[in-house]
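Written out below as structure tokens is the structure these notes cover.
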Amino acid sequence: MEERIKKQKASFFNLHMTSNISIALVLFMVGLITWLLKSTSEFANQTKENMWITIMLDDSISQQNLERLDNYLKTADFVHSTKYISKDSALQDLVTLLGEDPTVLLGTNPVNATYDVRLKQKYANANSIKDEVIPKVKAFQGVTDVICEYDIVKSVDKNVNKLMWLLTSTVLVLLFISVVLINNTIRLTIYSKRFIINTMKLVGAKDSFIRAPFVKRSLINAVIGAIIGFLLLMGIIWFIQAQMNGYTNFSEMFNPNVMIPVGAVMIAVSVVINLFATLFAVNRYLRMSSDKMYFV
144 MEERIKKQKA SFFNLHMTSN ISIALVLFMV GLITWLLKST SEFANQTKEN
194 MWITIMLDDS ISQQNLERLD NYLKTADFVH STKYISKDSA LQDLVTLLGE
244 DPTVLLGTNP VNATYDVRLK QKYANANSIK DEVIPKVKAF QGVTDVICEY
294 DIVKSVDKNV NKLMWLLTST VLVLLFISVV LINNTIRLTI YSKRFIINTM
344 KLVGAKDSFI RAPFVKRSLI NAVIGAIIGF LLLMGIIWFI QAQMNGYTNF
394 SEMFNPNVMI PVGAVMIAVS VVINLFATLF AVNRYLRMSS DKMYFV
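Our numbering numbers the first residue of the sequence shown as 144 and each following residue consecutively.
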């Protein structure tokens, strides 16, 4: 008798362990693609926030107009940070670059004073720069030109949008696969206990009373599966980081702004799918007659 009970416990343990592992592997793939999607989004935002425009100033700009422009740039909604480069500083940079002083040949300083403006992520795109940023800046007296590398901005926008669409599509496909695989795993688990459900129903147990232990077990499996999947994901990320040999650092790969949403998505997906799949499977056998259970 004791040996039989041990076998039943072992079978019960193996059944739920198999379910947890199956759920974890599916969620691992969902988490991996979600991590790539979120990391790409973070990288794109950081790249865009490193976009700069250069405001060229007229040599004859008055101190009053310069102060007005400076005050505006400090409060403008599109500005992340600014750096004023005077004519003398610009000349020193040019001398360092060329290795000789152009004023010796020209007799005058050929470079202009400038403002280097770092844009906020929201405005770091070709349309916003062209339609919003440049007209506002050029309205100030003493501004001769605004220089922006449109080709680079457009290239970043185009490539990031393509990659985001690809990863988003992949996430949706994986979510569909997750629903199917987790649903099938839970259906098989509950199928093996259909006669227990039938027995409880025959002795007069309420439907809610019958569902309760299955729902509880399913939610526990969902959380365990999500945790295992998340640990697998972290292991893979750590492995990637180790193979890159210093090209990136631990804090970048395990950015909390990325990992926390990814973990939340994995748990949410696991709980929602497990819960509805369990309710659907249990309700099916609650509505099924005893005779039909032998033929399903």
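All residues carry an ideal CB built from backbone N, CA and C; glycine is no exception.
(request) Note down, in chain order, each residue of its chain lying with its Cβ closer than 6 Å to the Cβ of D288, except the 5 sequence neighbours on either side. (result) Here residue 288 corresponds to residue number 145 of the sequence shown, with the count starting at 1. Cβ within range, chain order: M199.
(request) Give, in chain order, every unbroken run of the beta strand (DSSP E) that is at least 3 residues long and sits entirely within the region 281-344. (result) Listed in chain order, the complete beta strand (DSSP E) runs (minimum 3 residues) inside the region 281-344 are 286-290.
(message) Between L234 and the ligand SAH, is there a pair consisting of the residue's CB and a ligand heavy atom that are separated by less than 8 Å?
(response) Within the structure as shown, the ligand SAH is missing, as the structure has no ligands at all.
(request) Drop a sphere of 10 angstroms on the beta-carbon of S229, count the other beta-carbons inside from all chains shown, and report buried for 16 or more, exposed for fewer. (result) Taking the sequence shown and counting its residues from 1, one reaches residue 229 at position 86. Per the 10 Å Cβ criterion, exposed.
(message) Is it buried or exposed, F438, if we count other Cβ atoms within 10 angstroms and call 16 or more buried?
(response) Position 295 of the sequence shown, counted from the start, is the residue given in the question as residue 438. Answer is exposed; the Cβ neighbour count stays below 16.
(request) Look up S432 in the DSSP assignment and say whether it is helix, strand or coil. (result) Along the sequence shown, read from residue 1 onward, the residue named residue 432 stands at position 289. Coil.
(request) Measure the CB-CB distance between R330 and M431 and report whether it falls below 9 Å. (result) Within the sequence shown, residue 330 is the residue found at index 187, counting from 1. Within the sequence shown, residue 431 is the residue found at index 288, counting from 1. No; because the gap between Cβ atoms is not below 9 Å, this pair is not in contact.
(message) Spatial neighbours of Y293 within its chain, please: C-beta separation below 6 Å, excluding the five flanking residues on both sides.
(response) Reading the sequence shown from its first residue, position 150 is the one you call residue 293. Closer than 6 Å at Cβ, skipping near neighbours: A269.
(request) Would you decide whether F352 is buried or exposed? Buried here means 16 or more other CB atoms lie within 10 Å of its CB. (result) Working through the sequence shown from its first residue, we reach residue 352 at position 209. Classification of F352: exposed, given that the 10 Å Cβ count is below 16.
(message) Helix, strand or coil, according to DSSP, for M402 in the structure here?
(response) Residue 402 sits at position 259 when you count from the first residue of the sequence shown. Residue state, collapsed to three classes: helix.
(request) Assign Y334 to one of two classes, buried (16 or more other C-beta atoms within 10 Å of its C-beta) or exposed (fewer than that). (result) Numbered from its first residue, the sequence shown carries residue 334 at position 191. So Y334 ends up on the exposed side.
(request) Please list, in chain order, all residues of the same chain as N400 whose beta carbon is under 7 Å from its beta carbon, the five residues on each side excluded. (result) As a first step, residue 400 must be located in the sequence shown, where it is residue number 257. Once the five neighbours on either side are set aside, the close Cβ partners of N400 are E185.
(message) Do S413 and A355 have their beta-carbon atoms positioned less than 9 Å apart in this structure?
(response) For the purposes of this step, residue 355 is taken as residue 212 along the sequence shown, with counting starting at 1. For the purposes of this step, residue 413 is taken as residue 270 along the sequence shown, with counting starting at 1. The Cβ atoms of A355 and S413 do not sit closer than 9 Å to each other.
(message) Taking 9 Å as the threshold (C-beta atoms), are N426 and L362 in contact?
(response) Within the sequence shown, the letter at position 219 stands for residue 362. Within the sequence shown, the letter at position 283 stands for residue 426. No, the pair does not count as a contact, with Cβ atoms beyond the cut-off.
(message) Am I right that M164 and I325 are in contact with their C-beta atoms under 8 Å? What's the rounded C-beta distance?
(response) Here residue 164 corresponds to residue number 21 of the sequence shown, with the count starting at 1. Here residue 325 corresponds to residue number 182 of the sequence shown, with the count starting at 1. Per the sequence presented here, residue 164 reads as Ile, with Met not at that position. The pair is not a contact, with the Cβ atoms about 12 Å apart (cut-off 8 Å).
(message) Excluding the 5 residues flanking E192 on each side, which residues of the same chain have their C-beta closer than 8 Å to its C-beta?
(response) Here the question's residue 192 lines up with position 49 in the sequence shown. The residues are H223, R261, L262, K263, Q264, A267.
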